[in-house]
Amino acid sequence: ITEAGAIALLVALLSGGPESEAAGSAALALRNLSSDDEAEAAVIEAGAVPPLVALLSGGLESKAAGRAAEALLNLTFGANPTAVLEEVARTQASCSPWSDLQVRLHECASALLKAAEEGTDVAALERAITLATAGQVDAAVIEHAQKRLREINGDAERQERRESFGLGSLELPDEFVCPITMDKMRDPVVASDGHSYERSAILSVLRDGNGLSPLTPEP
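Quick look at the structure:
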C-alpha cells in the first residue's frame, strides 16, 4: 500500500467527515498501517494527522471518530510522537472521550516539557508549555515551567546587559557561585557556618540528615 501510493488516497477520503462511511474505512486502514514503523512515517508525511484530528469532532457516537482516535494513538508511539499533540494544540480538539489517547498525549507533553525545562532554549520551552496545555498537564507543572521560562528570559536579559558593558566574558566572582552546585546562585541563603549557598542545594543537604557544613567538618 505504501509503495503503491495508496496512503494519499486514504488521507483524501478522510475529508468526508465523521459521518462518512468512506472516512471511517480510511481511518481504519490508516490505524492498521500506523502500527508499522515504516508505514507510520509515510502516514504522517502524507498529511494524515490534521484530517484524523478533525474526525474527532464526531465524538463517541461516530465510528469514524473512534477509528481516527485509534490511528492517532498508534502514531504517538512512532518516531514523531509530537505530531499529533501539535495538531491537537493548534485546533484545540478534545480527546477526552478517548482516554487511552488522552493519557498518551499527557505522557508525550510531560516528557517534552521536562526536557525543555532542563535546557535554556526559550522557543523550545514556550512550545512545550503550549503543548502541555493541550496534553492537559497539571496546572502546577505548567506554572513551574512558566517560572523557569521567566528565569531563562531574565538570565538572557542580564547577559545582554553585561555584554553591552563589555563584561560578557568575565567570570562571576566566587561569592556569587554556590559551593555545592558550582552554579550561579539565584536564591542565596547564609547558613550557620557563615557561608552562602543556593537555598535548594543546602536544603537538600539538610534533608539527607547531614548536619555538617559542606565546606567544613563542623555543624
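Read in order, the letters of the sequence shown correspond to residues -22 to -1, 1 to 197 in mature numbering (1 follows the signal peptide of the UniProt record, and there is no 0).
From the three backbone atoms N, C-alpha and C, an ideal C-beta is built for every residue, glycine too.
Given the structure is predicted, the values throughout are model-derived calculations rather than measurements.
- Pairing G56 with E18 gives a Cβ-Cβ distance under 7 Å.
- Among the bridge pairs identified by DSSP, K162 is matched with V155.
- For S182, the enclosing alpha helix (DSSP H) has its first and last residue at 177 to 185.
- Between the C-alpha atoms of A89 and P192 there is a straight-line separation of about 33 Å.
- Inclusion of A112 and V66 in the CB contact set at 7 Å is warranted, their separation being smaller than that value.
- Here V(-12) is not bridged, per DSSP, to any residue.
- Only buried fits R45, as 16 or more other CB atoms lie within 10 angstroms of its CB.
- Counting every other CB atom within 10 Å of its CB across the protein chains shown gives A(-15) a total below 16, marking it as exposed.
- Ranking A(-17), A42, C156 by CA distance to the CA of E(-2) puts A42 first.
- Considering only R68, A94, E48, E(-4), the residue with the shortest C-alpha distance to S77 is E48.
- Taking C-alpha positions only, A87 is separated from S40 by approximately 27 Å.
- Secondary structure at V168: strand, using DSSP grouped into helix, strand and coil.
- With contacts defined by Cβ atoms closer than 7 Å, V62 and V21 do not form a contacting pair.
- Given a length threshold of 4 residues, each whole run of the alpha helix (DSSP H) inside the stretch 63 to 103 is given here in chain order: 77 to 95.
- Its chain contains L103 as the residues whose beta carbon lies nearer than 6 Å to that of L127, once the 5 sequence neighbours on both sides are disregarded; these appear in chain order.
- DSSP, reduced to helix, strand and coil, places S174 within a strand of the structure shown.
- Excluding its 5 nearest sequence neighbours in each direction, A123 has C-beta neighbours in its own chain below 6 Å: L91, E95, I107, listed in chain order.
- In this structure, DSSP gives E(-4) a state outside helix and strand, which the three-state scheme calls coil.
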